[in-house]
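Asker:
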Amino acid sequence: MENVTPTWDDLRVLLALHRHRSFLAAGRALGVSTSTAARRVEALESALGRPLVHRSSAGTSVEPEALELVNLAEQLEHGLEAAKRSETEEASGVVRVTMGEGFVIPVTRALSQLRRAHPSLRLEITSELRAVDLARREADVGIRKMRPNSSVLIERKVGKLTFSLYASGEYVERRVRDGRIGRGDFARHDFVGFDRSMEKLPQAMWLTDNGAERFTVKSNSDAAIVEATLAGQGISILADAYARFQNGLVRLTSEVPTPQVPIYLVFHKELRHVPRVRIVIDALQAGLEAGLG
Numbered sequence: 001m002e003n004v005t006p007t008w009d010d011l012r013v014l015l016a017l018h019r020h021r022s023f024l025a026a027g028r029a030l031g032v033s034t035s036t037a038a039r040r041v042e043a044l045e046s047a048l049g050r051p052l053v054h055r056s057s058a059g060t061s062v063e064p065e066a067l068e069l070v071n072l073a074e075q076l077e078h079g080l081e082a083a084k085r086s087e088t089e090e091a092s093g094v095v096r097v098t099m100g101e102g103f104v105i106p107v108t109r110a111l112s113q114l115r116r117a118h119p120s121l122r123l124e125i126t127s128e129l130r131a132v133d134l135a136r137r138e139a140d141v142g143i144r145k146m147r148p149n150s151s152v153l154i155e156r157k158v159g160k161l162t163f164s165l166y167a168s169g170e171y172v173e174r175r176v177r178d179g180r181i182g183r184g185d186f187a188r189h190d191f192v193g194f195d196r197s198m199e200k201l202p203q204a205m206w207l208t209d210n211g212a213e214r215f216t217v218k219s220n221s222d223a224a225i226v227e228a229t230l231a232g233q234g235i236s237i238l239a240d241a242y243a244r245f246q247n248g249l250v251r252l253t254s255e256v257p258t259p260q261v262p263i264y265l266v267f268h269k270e271l272r273h274v275p276r277v278r279i280v281i282d283a284l285q286a287g288l289e290a291g292l293g
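Number 86 in UniProt numbering belongs to position 86 of the sequence shown; there are no gaps in the numbering.
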């Protein structure tokens with residue numbers, strides 16, 4: 001067929017003809033006159049330069065070569081029906097959101113207003129101790145530091161996670177009064193770091209690459225690292241989006257640029273039009289984009 005884009009009004013008449021096999025019945029099904037239905041098909045045939053329907057005393061049938069247009073019309077019809085359902089369907093039920101521990105506070109803040117607008121919505125916010133398989137629908141939405149490698153998953157980049165060095169006020173007063181950590185200072189300071197299970201994280205590798213070696217505490221828990229830092233055990237590197245909610249931490253200036261990690265919202269492609277999931281995704285995207293920058 002020629003490179004002509006049929007309109008939905010034309011295609012829906014062709015689809016009705018295929019289903020009802022007469023212009024009279026097709027017009028009734030669509031709520032238009034028989035002459036209007038006939039004009040639509042004639043205009044489409046003229047634009048494409050070929051007959052699309054076969055007219056006979058036994059009725060009207062779509063030519064075999066035009067069945068691809070019928071299939072296209074059915075797909076459009078299904079899509080429009082799904083969109084209408086999505087607009088009117090109440091966002092209710094459970095949405096499971098999974099993330100690393102450091103995102104729990106910013107995510108909770110980002111979703112805080114949702115239930116006022118959608119009182120039937122329920123949230124399950126899970127801090128990951130293991131990788132949750134979103135492709136197998138073990139959760140609905142995940143916050144990830146890497147793009148997914150599965151064809152059934154969709155990602156939305158929501159910003160970059162920035163990191164800074166933090167210490168307690170007592171440690172700053174005792175060890176780093178100017179609040180600045182130079183390139184050659186890492187070896188002489190105490191640090192609160194990450195245990196073996198997390199030593200390949202960009203922020204963990206950044207510490208050791210710059211000479212940090214005196215780790216007084218190591219943990220796989222952001223909360224434990226914060227508590228040890230507040231107790232004056234040493235300097236830690238924390239995500240700014242998490243650390244800003246921790247009272248008592250003092251942000252230090254680093255001569256060495258700190259890591260930045262891209263952050264993605266990830267979800268199964270079959271869930272993108274489910275109202276409750278779509279609403280949570282949109283709220284997370286808006287909140288994290290504002291919080292991460």
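For every residue, glycine included, the Cβ atom is placed at its ideal position computed from N, Cα and C.
Source: prediction; values computed, not measured.
Let me know the secondary structure DSSP gives S164 once reduced to three states.
Answerer: strand
Asker: Give the range of the beta strand (DSSP E) segment to which L134 is assigned.
Answerer: Element bounds for L134: n/a, residue is neither H nor E.
Asker: Can you give me the start and stop residues for the alpha helix (DSSP H) that F267 sits inside?
Answerer: Unbroken run through F267 is the beta strand (DSSP E), 260 to 268; no alpha helix (DSSP H).
Asker: What is the DSSP secondary structure of M146, reduced to helix, strand or coil?
Answerer: coil
Asker: How far does the alpha helix (DSSP H) with H20 in it reach, from first residue to last?
Answerer: Bounds of the alpha helix (DSSP H) holding H20 are 8 to 20.
Asker: Looking at the unbroken beta strand (DSSP E) that takes in G93, where does it start and where does it end?
Answerer: 93 to 99
Asker: Within this structure, are the beta carbons of D140 and V95 separated by less than 8 Å?
Answerer: yes
Asker: State the Cα-Cα distance for the pair V261 and I143, rounded to the nearest angstrom.
Answerer: 12 Å
Asker: Could you tell me whether the Cβ of V250 comes closer than 8 Å to any Cβ of chain D?
Answerer: Although the question refers to chain D, the structure presented lacks it and comprises just one protein chain.
Asker: For P6, count neighbouring C-beta atoms within 10 Å of its own C-beta (all shown protein chains included) and say buried if the count is 16 or more, exposed if not.
Answerer: buried
Asker: Which two residues bound the contiguous alpha helix (DSSP H) that contains F23?
Answerer: 23 to 30
Asker: Identify the residues that DSSP records as bridge partners of T253: which are they?
Answerer: R180
Asker: Below 8 Å on the Cβ atoms is my contact criterion, and I expect F186 with N220 to pass it. Report the Cβ-Cβ distance as a whole number of Å.
Answerer: The pair is not a contact, with the Cβ atoms about 22 Å apart (cut-off 8 Å).
Asker: From Y171 to L165, what does the alpha carbon distance come to, in whole angstroms?
Answerer: 12 Å
Asker: Identify the continuous alpha helix (DSSP H) that holds G169 and give its terminal residues.
Answerer: 169 to 175
Asker: If I follow the unbroken alpha helix (DSSP H) through I235, where does it start and stop?
Answerer: Careful: I235 lies outside any alpha helix (DSSP H) and carries neither H nor E.
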